[in-house]
Amino acid sequence: MRRGMVIDLEKCIGCRSCVVACKQHNAQPAGTWWNRVVTPGSEFHAVPPVKGREYFLPVHCQHCQNAPCEKVCPVDATYRHTDGSILVDFERCIGCRYCMAACPYGVRQFNWEDPQKSMQDYGYLPGYTFGYPQDYRLNGRLVYTPVRPKGVVEKCNFCVHYLAQGLEPACVRGCPGKARFVGDLDDPDSEVSKMIRDKNGFTLLPEKGTKPSVYYLPPKRKEV
Amino acid sequence: MSKKTALIITGFLMMAGFAAWVYQFKEGLVLTNLRNSYTWGLYVSGLAFFVGNAAGGLVLSSLIYLFGVENLKPFAKIGALTALVNVTAAMVSIIPDIGQPLRLYNIFIHPKLTSPLVWDVAVLNLYAALSLTYLYILMLPDLKGRLQWLAIKVDNPKEFSQKLAKRLAPFSLVAAVGIHVITAWIFATQGAREWWHSAALAPDFVAAAMASGTALVLAVSVLTYGLKEQYRQAYRTMSIIIAVSLFVHLFLMYNDYFIHAWYGAPEAMETLSITFHEYLGTHAFEVLAPLAAVILLLNEKVRNNAAAMIGSCCLLIAGILAHRFLLMPGAFGKIALTISPLGLQDVEWPVPIASGRYSHVLDTFVTEWHYFPSAVELAIFTGVVAFAGFLIILAIDWLPIVNPEES
């Protein structure tokens with residue numbers, strides 16, 4: 043079993059719903075974004091770099107098979123789950139940020155200060171909280187917590203807390219374009235494996251040898 | 031300046047650095063000028079810098095006890111001392127970089143053996159233990175009077191000391207090369223950062239360390255022993271080691287730049303342009319300052335002047351510090367996820383990263399950051415430098431580091 047994701051760029055309309063769903067569901071502190079959607083080549087989001095031609099690219103943790111972040115973690119806080127996804131133990135992380143230096147995708151986020159404090163800076167209403175409200179432990183390890191400790195690294199956990207309830211990740215459920223698909227990349231007959239085969243699936247930075255578990259399907263035409 | 035004044039100044043800076051760290055511990059690393067796209071700065075450069083300065087012990091002990099350069103013998107203890115102090119400072123300097131320092135024990139109870147950081151912790155501790163043992167063995171014959179209680183009882187301390195020092199020399203040589211190689215591997219193993227991902231980095235760390243580590247021993251030696259005739263030859267030997275090491279360092283560095291510049295791949299050119307455009311002043315300093323220092327040190331007239339020698343050594347060490355600082359801009363100044371957008375000709379586009387910090391003026395997602403350490407980072411780093419200075423002065427004052435009959 044290797045849990046992976048396919049994102050169909052033909053279907054992505056650049057609305058950033060997945061970004062917002064991810065941020066809200068996972069109680070991400072102010073300034074922290076596990077997921078982002080960009081318009082490659084453009085100066086601003088959703089502005090075509092060439093008149094009438096644009097596409098959108100969602101980027102989050104690629105859950106690599108050869109994950110440098112996992113290998114550099116000195117304390118095994120970043121580790122691989124049995125389904126192949128890469129998780130961070132909020133209680134184990136020492137905050138050395140080696141994984142952030144090691145990750146070529148820029149998806150890892152650090153808690154530079156106490157999240158309660160940064161929420162105040164952002165001007166959120168006092169006492170306002172959002173996101174999945176409970177801690178989630180996997181074999182005793184804290185892989186999701188709504189209240190982040192200061193000084194630890196975090197990133198997309200493939201919504202492991204929702205997987206336990208049989209739910210798809212928040213970004214998949216929140217996508218109005220139905221551009222995201224989750225499945226078993228080890229099974230050649232799975233929907234995701236077929237899509238990758240039939241629609242020329244590609245990965246980001248293949249030259250880095252990280253072997254991502256997130257595949258993209260190229261858009262047939264650019265959004266206009 | 032008397033020893034007492036020096037101790038007061040370094041002690042004060044040390045306390046100021048410690049206070050800055052306590053403040054940062056309370057508030058978080060938000061007090062640094064780092065951010066999600068630029069995660070390592072002066073603290074990690076500091077680790078590489080202090081590890082490099084710890085090379086002095088290796089150079090002297092191996093030259094004396096493996097290659098028989100007898101005239102360096104009076105300085106062996108200074109070498110072991112600067113090695114011990116700097117490797118300690120290296121470990122201290124990295125603690126402020128840790129977001130959750132109280133969890134550091136996890137490195138010992140849950141070490142992940144694929145992490146170069148774990149290897150580095152192991153080898154730095156080993157080297158600290160070896161340097162301490164070495165220093166102790168060399169001091170043993172002189173542990174008399176009020177220090178008598180420190181001495182283990184052996185029949186002939188002088189002979190025992192020499193014999194053991196000779197036996198330890200090969201191990202300390204391996205450990206000393208090891209600390210530079212493994213510290214370099216922390217960076218060089220990272221394929222995500224082209225600036226570091228080079229086979230030249232580890233040998234270059236060894237070369238730069240031999241230059242700065244020896245320069246530190248030379249400076250402390252001149253400061254304690256002065257320019258007496260019987261030491262002239264040893265100072266000349268050390269100056270030559272510094273010069274040769276620096277030339278090897280410059281060769282390895284420019285060799286790496288040259289092959290990348292010739293091929294001209296856009297990602298390599300962007301990385302190089304950070305150093306050669308944005309940080310041109312710092313780059314000029316990292317090359318010209320040490321170069322000027324070795325030209326001065328190779329001049330016999332300069333070697334007749336204690337202040338000029340110490341100044342040259344400091345200039346060289348400052349240049350190597352600038353070199354260590356420049357480890358970061360080339361690595362973090364370029365967004366690793368830079369792609370060629372589908373359907374666009376000749377476009378390289380960096381995918382912005384969430385800065386992780388709120389600012390009224392800055393964007394949420396960023397691609398550029400011109401890093402310069404914050405006041406807190408500078409205070410803490412200065413504190414660690416002062417800590418190293420304080421320990422060296424204190425040890426020279428209290429322990430038989432300087433041979434009484436020769437000083």
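Protein sequence lines correspond, in order, to chains A and B. Counting along the first sequence from 1, when you hit position 8 you're at 50 in the working numbering, and nothing is skipped either side. Counting along the second sequence from 1, when you hit position 391 you're at 421 in the working numbering, and nothing is skipped either side. A virtual CB, placed ideally from N, CA and C, is assigned to each residue, including glycine.
For residue j and residue i, the rounded distance between their alpha carbons
i	j	result
B:His458	A:Ile238	Residue 458 of chain B lies beyond the residue range present for chain B, which begins at 31 and ends at 437; the question has no answer from this structure.
B:Ile340	B:His227	35 Å
B:Ala181	B:Ser275	37 Å
B:Gly208	B:Val151	12 Å
B:Val377	A:Cys145	23 Å
B:Phe381	A:Val130	Per the sequence shown, the amino acid found at residue 381 of chain B is Val instead of Phe. Rounded to the nearest angstrom, the two C-alpha atoms are 23 Å apart.
B:Val115	B:Leu421	7 Å
B:Leu61	B:Gln130	15 Å
B:Gly71	B:Met358	6 Å
A:Val17	A:His102	No answer is possible for residue 17 of chain A: it lies beyond the span of chain A, which begins at 43 and ends at 266.
B:Asp234	B:Val278	8 Å
B:Asp286	B:Ala230	7 Å
A:Phe132	B:Thr118	29 Å
B:His290	B:Ala298	6 Å
B:Gly221	A:Val234	28 Å
B:Ile128	A:Gly225	37 Å
B:Tyr164	B:Pro104	14 Å
A:Tyr258	A:Val202	21 Å
B:Asp393	B:Val250	48 Å
B:Leu102	B:Ile39	31 Å
B:Thr35	B:Gly41	10 Å
A:Arg302	B:Lys142	With chain A running from 43 to 266 in the structure shown, residue 302 of chain A is simply not present.
B:Ile167	B:Ala206	18 Å
B:Val332	B:Gln260	17 Å
B:Thr254	B:Gln54	37 Å
B:Gly294	A:Gly182	50 Å
A:Ser59	A:Phe98	13 Å
A:Ala143	A:Gly126	21 Å
B:Trp215	B:Asp185	44 Å
B:Ser75	B:Glu407	11 Å
A:Pro302	A:Val194	The structure shown does not extend to residue 302 of chain A, since chain A is modelled only from 43 to 266, so the question has no answer here.
B:Ile431	B:Cys343	20 Å
B:Val252	B:Lys258	9 Å
DSSP beta-bridge partners of residue i
i	result
B:Phe321	According to the sequence provided, residue 321 of chain B is Leu. The question's Phe does not apply to it. Paired residue(s): none; B:Leu321 is not in a bridge.
B:Thr368	B:Pro380
A:Pro26	Any question about residue 26 of chain A goes unanswered here, given that chain A covers just 43 to 266.
B:Val89	DSSP, once it has assigned bridges, lists no residue as partnering B:Val89.
A:Met47	A:Val224 and A:Val256
B:Val396	B:Ile383
B:Tyr68	B:Arg65
A:Val195	A:Phe152
A:Phe244	A:Tyr258
Secondary structure of residue i, DSSP reduced to three states
i	result
B:Phe277	helix
B:Tyr388	coil
B:Gln263	helix
A:Val189	coil
B:Arg176	helix
A:Arg215	helix
A:Arg239	helix
A:Val92	strand
A:Phe200	coil
B:Phe362	helix
A:Gln207	coil
B:Ser202	helix
B:Asp127	helix
B:His227	coil
B:Lys331	coil
The ligand SAH heavy atom lying under 7 Å from the CB of residue i
i	result
A:Cys103	This structure does not include the ligand SAH; it has no bound ligands of any sort.
Any contact between the segment 109-123 of chain A and the segment 124-140 of chain B? By contact I mean 3 or more CB pairs, one from each, below 8 Å. Contact between the segment 109-123 of chain A and the segment 124-140 of chain B is present: three or more C-beta pairs spanning the two stretches fall below 8 Å.
Three-pair Cβ contact test at 8 Å for the segment 300-310 of chain B versus the segment 358-367 of chain B: For the pair of segments examined, the segment 300-310 of chain B was found to touch the segment 358-367 of chain B: the number of CB pairs separated by less than 8 Å reaches three.
Check whether the segment 150-166 of chain A touches the segment 63-74 of chain A, counting contact only when three or more Cβ pairs, one atom from each stretch, lie closer than 8 Å. Yes, they touch.
Note down, one range per segment and in chain order, each beta strand (DSSP E) of at least 3 residues found wholly within the segment 282-326 of chain B. You should have found no qualifying run.
Residue ranges of each beta strand (DSSP E) within the segment 103-188 of chain A, 3 or longer: Inside the segment 103-188 of chain A, DSSP marks whole beta strand (DSSP E) runs of 3 or more residues at positions 120-122, 128-130, 178-180 and 183-186, from first to last along the chain.
Count Cβ pairs between the segment 184-203 of chain B and the segment 319-331 of chain B that sit closer than 8 Å; are there 3 or more? No contact exists between the segment 184-203 of chain B and the segment 319-331 of chain B.
With contact counted as at least three CB pairs below 8 Å, one residue from each stretch, are the segment 71-83 of chain B and the segment 343-351 of chain B in contact? Touching, yes.
Would you call the segment 215-229 of chain A and the segment 43-51 of chain A touching, i.e. three or more CB-CB distances under 8 Å? Touching, yes.
Would the segment 244-264 of chain B count as touching the segment 81-96 of chain B if we require 3 or more Cβ pairs under 8 Å? The way I'd put it, the segment 244-264 of chain B does touch the segment 81-96 of chain B; three or more beta-carbon pairs between them come closer than 8 Å.
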